[in-house]
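Just so you know, the sequence shown maps onto residues 108 to 405 in my numbering. All residues carry an ideal CB built from backbone N, CA and C; glycine is no exception. Here is the structure we will look at.
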Amino acid sequence: MRSSKMVRVPHELVKSPNKKGSLKLDGMSVIEFCFYTQGIKGKFFLQDHLLLIVKSGVYTIRFGDREYTIRSNEMMFIHKSTGVEYEKAGEPDSDYILDYTMFFLNEKIVDEFLKFAGLKPIHLVNDVVPITVFPINDRIGSYIQSLKPFFENPDEVKEGLVRVKLMELLFHIADSNDRLLHQMMQPISKERGSIAKIMEENFMNPVSLNDLAYLSGRSLAAFKRDFQAIYNTSPLKWVRNRRLDKAKELLAETVLSVTDVCFSTGFENIAHFSKVFKEKFGLPPSEFRRQLRLKEDA
């Protein structure tokens, strides 16, 4: 499979003929209804929590060395600031139809719901995980069906109504799935000494400093301070240098094209990638590989 840029969602979601509608709140997509008849693969990095509900078909997520698959009438919750690979397809006995809905739940919406419902977070330090899979009950199934008319003319749906429908979803979850609700209510617990691990796991993802601070369980100021103490450089400089070192390794040890190496190491622009690669290693990527091959053949 050709390497592709990891897309930040929901901010970088694009229109496609497979999307039957998108409902927005504060100018950002929060509910996406998608309908496919062919398989597709890709990568995304979550800016908000994602609740993915599949009505028909198969949706597989790969995170690190783990793989999670949901099928008809199942749902998956993925924490924000998580980068994953995905593969989605229909099944033969349903005419290869893939019918699913995505809900992007930012912390503001979750906090609004908790206040409205009179709930308080319950801290499950040892039970909060990046990805969890749950079955869909009849109430949530009926709720998904109730959304379909809104996607016929999504631009005419007022944001106030979108907010109400999100609150309705969260009430259904609160009434039927305590574990899922608790996953939404708190960040993933991280040991404060895990900055090195977090950086190695995420340097090829399109992460912001806020994302890294969130993953480390620190405020932005504390993350910058602790990072400087460990690496004696800024996070952005460290990430760029680590990506370039990885790109050099891939150019030397694989047959991936320069374009594939660029995208797979987290760079978003080939011209910029070539420029900074040359600044660090003295040659642009293509010439670096060519010179390396000449030395090997000599």
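Chain-order list of residues whose beta-carbon lies under 7 Å from that of residue i (same chain, five-residue window excluded)
i	result
residue 192	150, 169
residue 300	With a pLDDT of only 49 at residue 300, under the threshold of 50, the placement of this residue in the model should not be trusted, and no figure is reported.
residue 274	220, 223
Residue i - partner residues in DSSP beta bridges
i	result
residue 128	140
residue 239	184
residue 113	Bridge partners of residue 113: none, in fact.
residue 212	156
residue 54	One cannot answer for residue 54 here, as it falls past the ends of the chain, which runs 108 to 405.
Nonlocal neighbours in the same chain, by C-beta distance under 6 Å from residue i, ignoring five residues either side
i	result
residue 152	113, 115, 190, 312, 313
residue 320	327, 330
residue 393	365
residue 325	none
residue 213	155
residue 373	311, 350
Assumed close pair residue i, residue j - CB separation to whole angstroms, cut-off 8 Å
i	j	result
residue 243	residue 198	Incorrect: roughly 17 Å between the Cβ atoms, too far for contact.
residue 131	residue 269	7 Å
residue 355	residue 388	6 Å
residue 186	residue 237	5 Å
residue 160	residue 207	6 Å
residue 424	residue 310	Residue 424 is absent from the structure shown; the chain starts at 108 and stops at 405.
residue 337	residue 322	With 8 Å as the limit, residue 337 and residue 322 do not qualify as a contact, their Cβ atoms being about 15 Å apart.
residue 276	residue 334	Not confirmed; about 37 Å, so no contact.
residue 251	residue 162	7 Å
residue 395	residue 351	About 11 Å; that fails the 8 Å criterion.
Cβ-based neighbour list, residue i, same chain, cut-off 8 Å, excluding 5 preceding and 5 following
i	result
residue 239	183, 184, 286, 287, 290
residue 308	171
residue 371	110, 311, 357, 363
residue 118	135, 154
Which ranges would you report for the beta strand (DSSP E) in the stretch 147-207 if only whole runs of at least 3 residues count? 147-153, 156-163, 165-170, 173-177, 181-185, 190-196
At what residue ranges does the stretch 249-300 contain a whole run of the alpha helix (DSSP H), taking only runs of 4 or more? 266-283, 285-291
Using 8 Å as the cut-off, can you tell me whether the stretch 280-292 makes contact with the stretch 165-179, which would need three or more C-beta pairs spanning the two stretches below that distance? no
Enumerated in chain order, which unbroken segments of the alpha helix (DSSP H) with a length of 4 residues or greater are wholly contained in the stretch 370-404? 377-388, 392-404
When you compare the stretch 254-270 with the stretch 136-147, are there three or more beta-carbon pairs, one atom per stretch, that lie closer than 8 Å? yes
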